[in-house]
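Read the structure below first, then the notes.
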Amino acid sequence: MRFYSLVTAAFVAFLSNAATHGTELATTFTPAGESDTSIELCGFSNLGGCCNTGPQITFDVDFVFSKYHQSGGVQSIDAGSIIGNGDNVDFGFDLSPRFTLGAESCNGLGARVRYWFFDQTESTVDNTGFVSIDAYTFDMEIYKRVQLGKSTTLEGFGGIRWSEFNLDDDTGLDWRVDGAGLTTGFEISHQFRCNHRLYAGTRLGMVMGDAILADNGDLDDATGMAINNTSLQVELSAGYEGKTQLGRRMTLVYGGGAEVQNWSDAAVKADASDEAYLTDAGWVGLTFRLGAEY
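Note that the sequence shown covers residues -18 to -1, 1 to 276 in mature numbering (1 follows the signal peptide of the UniProt record, and there is no 0).
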């Protein structure tokens, strides 16, 4: 995490330096060819246009209420014998926030960092055990927005991802999958009225790293597992976003939607000592967005 902190500090320093040149919102929706930016504010004078005032700084918080699931169901595993005969666990919806900080130029070219985490513990159905899931992603991305028409915008992006997935249960089982890789994807949006848009998009991450099984001393080293692992992480999202001018330079961003995530070969089921028992982990949830642009 020290490396992530240094990288984030450097990126924030870049954003701060850009902000010192001043920022003015593009405040009129312009036809294709005159601006490549996304949803524009309507009904306000742009005082010369955003190209004369420098990049726009953005900060969003997505309050995501996610429900964890995995292929084959979630179980508390009997770590003493590595046999998947434990009790089932049904996860409920829990807050898993996402924070996004970025800067975007007048021509729709931008950069951002994104951090999302999920941390939840649930008891088994008979209340004799528990399963704990702890996961996070950290993305650094470059993106470009282009207008496909007067009211439709396409965003394409790519970047780097670090992620980690941890599964623990009442038997002392400690399962971890972590690594780094690349992200890519797109988002298409349509402004159906002034300052209001609908969007849908997908993000694909390919993370390469290690899958490690520990048992806090209950098992000998020969029974545990440590293998190279590649996880394909897919995100699908759709929703609504609106904007309201708060002042000459500040804009309030708000919205809501739904999203789904699936991470291949991230979780473990049944016989944890056999690579064939790797399984997919996933989340489904509702998100409520609140942010600002300056």
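Quick reminder that beta carbons are idealized off the backbone N, C-alpha and C, glycines included.
Counting C-beta neighbours from all protein chains within 10 Å, is the total for residue 244 16 or more, i.e. buried, or is it exposed? buried
Own chain partners of residue 238 with C-beta closer than 8 Å, once the 5 adjacent residues on each side are dropped: 221, 222, 268, 269, 270, 271
Whether residue 41 touches residue 274 by CB criterion (8 Å): yes
Beta-carbon contacts of residue 96 that lie in its chain and below 6 Å, excluding the five residues immediately before and after: Excluding residues within five positions, the ones whose Cβ falls inside 6 Å are 82, 121.
CA nearest to the CA of residue 174, picked from 49, 224, 209: 224
Give a yes or no on whether the C-beta atoms belonging to residue 185 and residue 162 are separated by under 8 Å. no
Of the choices 169, 214, 171, 172, whose alpha-carbon is the least far from that of residue 191? 214
Unbroken beta strand (DSSP E) runs of length 3 or more, entirely within the segment 86 to 113: which are they? 91 to 105
Classify residue 141: buried if its beta carbon has 16 or more other beta carbons within 10 angstroms, exposed otherwise. buried
Beta strand (DSSP E) containing residue 236: first to last residue? Boundaries of the beta strand (DSSP E) around residue 236: 233 to 250.
Rounded straight-line distance, which links the Cα of residue 167 to that of residue 181: 14 Å
Have a look at 108, 37, 102 and flag the residue whose alpha-carbon is nearest the alpha-carbon of residue 118. That would be 102, whose Cα lies nearest to the Cα of residue 118.
Assuming residue 99 and residue 78 are in contact, meaning their beta carbons sit under 8 Å apart, how far apart are those beta carbons, in whole angstroms? 6 Å
Looking at the strands, I want to know which residues DSSP matches up with residue 160. 146, 192
From the DSSP output, in three-state form, read off residue 218 for me. It is a strand residue.
Candidates 44, 159, 37: which alpha carbon is nearest residue 241's? 44
So, with DSSP's three-state summary, where would you put residue 53? coil
Close Cβ partners of residue 212 (< 6 Å) along its chain, the five nearest in sequence each way excluded: 190
Report the rounded CA-to-CA distance for residue 93 versus residue 123, giving the unit in angstroms. 6 Å
Just curious, the beta strand (DSSP E) that residue 261 is in, first and last residue? 260 to 275
Going by beta carbon distance, what residues of the same chain come within less than 8 Å of residue 107, once the five residues before and after it are set aside? 69, 70, 71, 72
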